[in-house]
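Residues -31 to -1, 1 to 421 (mature numbering (1 follows the signal peptide of the UniProt record, and there is no 0)) make up the sequence shown, in order. Contents: one structure, followed by commentary.
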Amino acid sequence: MNIEPSRRMWWSGGHCHRCLVLVSLLICSEAVPISVDKTKVKLPEEKVQEPPQSVDTGLHYDRYLREVIDFLEKDQHFREKLHNTDMEDIKQGKLAKELDFVSHHVRTKLDELKRQEVSRLRTLIKAKQDLEGGKDMAVDHQALLKQFEYLNHMNPHTFEVEDLDRLIRSATSDLENYDKERHEEFKRYEMMKEHERREHLKTLDEEGRKKEEEHYEEMKKKHADHPKINHPGSQDQLKEVWEEADGLDPDDFDPKTFFNLHDTNGDGFFDEQELEALFTKELEKIYDPTNEEDDMVEMEEERLRMREHVMNEVDSNKDRLVSLDEFLVATKKKEFLEPESWETLEQNQAYTEEEMREFEEHLAREEKDLNQKSVDLQKQKEELERQQEQLNAQKLELQQAVEHMERLKTQKVEPPVEVQVLDSDGGNAAPVPPSNSQPLPPGHLQETPTHS
Ligand SMILES: [Ca+2]
Ligand SMILES: [Ca+2]
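Structure follows, in structure tokens:
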């Protein structure tokens, strides 16, 4: 039995070419020989297995996921279990239980990874709170950590069976929803684009607005004007790839050879990335990055739609991989030989008017909140300034008081000194005022009575 596809699936899903590479890394590790599809026809030039690369699943905990896998991979017992456990058992948590048998060294490392991850999440939570202006609030990390389901936050110190189980479940389900999220994101992107266009129109006078509208319609028309798009996954489409990208004679078209040529990593399956690569020729008919009217974000959405469509049609066991058998079965179908025309993205608006209205309301609410926040901030600023002024005045008063005290102190410590000047009789002459008193006017000394 070939169980590779299902095993692969536990983090395949959604967008997952990148994670498929990751999982094929696990499966194609040298220590465990992989079963090779016997139906596979070797091409004249033997394909070299791609070296392991660091891949990004697109999940926010991607790094943690990859590091955990990397370490588990180093444990021989776990690696063997991974290769011998099928998808259902993995989902039931049987694989996670094997964690109890991995080496102490690996477990220690996993504990460390988890502590780092928990600390990263705490930092994230803190940063988020700071942004929301809750600097002074006590942060209940325990409660907030609950939202992260891919690890057991109740025990932030050690990596246990439950942590691996949660990681597997979360990665599987998050990746399955990945395409859905991408579609939603795309819809928001399109609505934002439209919103900005409408806002810009508002700033123009009537003539400017008319000109802008005309230009918009012209660009729309220009974008829609492109050669016919072949139905994704149809014979016509694949033949074009065969002829133009592979440089082969269309008369020699052979599905099996085609499959092997485009199974780039040579694992016997078309994964999502390999499928998406097949549509580049078609997409180039519609999109040119140097054209104002062609939006490359839309191109990627179109690529995603094409891949989903082919996956739906061809992947009969729903493991998100197209095996050679599935591919060959599909090439016998009517849809392959005489496909319907393919409706491209620009033929259907990504959102309804109702959705657009809701979106704009949402933006307006956000703006109102922002304005309110800015008013509050202004008030706070004014209050702070007032307090600062008060403080400055108090400081000045204090300073004056201190100076006054200093003066008083000086007067107490050094009372006016009376200098006694003795006359020739040893008697007391009139007291001479201290040196700091007014200087005597010139000639005064001469007037002092002297005795000879
Ligand atoms: Ca492949
Ligand atoms: Ca399949």
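Glycine included, every Cβ here is placed at the ideal spot set by N, Cα and C.
Across the structure, E101 and V344 are spaced so that their CA atoms are roughly 16 Å apart.
In the three-state scheme derived from DSSP, where H, G and I count as helix and E and B as strand, V71 is classed as coil. A contact between stretches requires three or more CB pairs, one per stretch, nearer than 8 Å, and the region 265 to 275 fails this requirement with the region 285 to 295.
CA-to-CA, the gap between R355 and K364 works out to about 14 Å. Under the three-state reduction of DSSP, S142 is assigned to helix. K301 counts as exposed, since fewer than 16 other C-beta atoms from the protein chains shown sit within 10 angstroms of its C-beta. Using a Cβ distance threshold of 8 Å, H169 and E329 do not count as a contacting pair. Per the C-alpha coordinates, the member of V75, K225, Q45 positioned closest to F239 is K225. Annotation: the continuous alpha helix (DSSP H) that includes T226 extends over 224 to 231.
E322 counts as exposed, since fewer than 16 other beta carbons sit within 10 angstroms of its beta carbon. Of the candidates K171, L290, V210, S203, S203 places its Cα closest to the Cα of E309.
Non-local beta-carbon contacts of L90 in its own chain, meaning distances under 7 Å to residues more than five positions away in sequence, involve L114, F117 in chain order. Under the criterion of beta carbons closer than 8 Å, T127 and K83 qualify as touching, at roughly 7 Å. DSSP assignment within the region 323 to 373 yields no whole alpha helix (DSSP H) run of 4 residues or more. Judged by pairs of C-beta atoms under 8 Å, the region 38 to 54 does not touch the region 148 to 159, as fewer than three such pairs exist. Between V298 and L136, the C-beta gap is not smaller than 8 Å, which leaves the two residues out of contact.
The beta carbon of Q206 lies closer than 7 Å to those of N199, H200, E251 in the same chain, with the five residues before and after it left out.
F238 carries a strand assignment under DSSP once its states are collapsed to helix, strand and coil.
Nearest neighbour of E129 by Cα position, chosen from W211, V75, E182, K60, turns out to be V75.
Judged by their CB atoms, E267 and L314 are nearer to each other than the 8 Å cut-off. DSSP places N53 inside the alpha helix (DSSP H), whose first and last residues are 45 to 53.
Each residue's CA atom was taken as its position, placing E282 and E245 some 15 Å apart. As the crow flies, the alpha-carbon of K50 is around 27 Å from that of D232. In this structure, DSSP gives S88 a helical state, which the three-state scheme calls helix.
Following the DSSP letters along the chain, one finds N281 inside the alpha helix (DSSP H) bounded by residues 265 to 283. For V37, the secondary structure class from DSSP, reduced to helix, strand or coil, is helix. Bridge partners of S203 according to DSSP: none are assigned.
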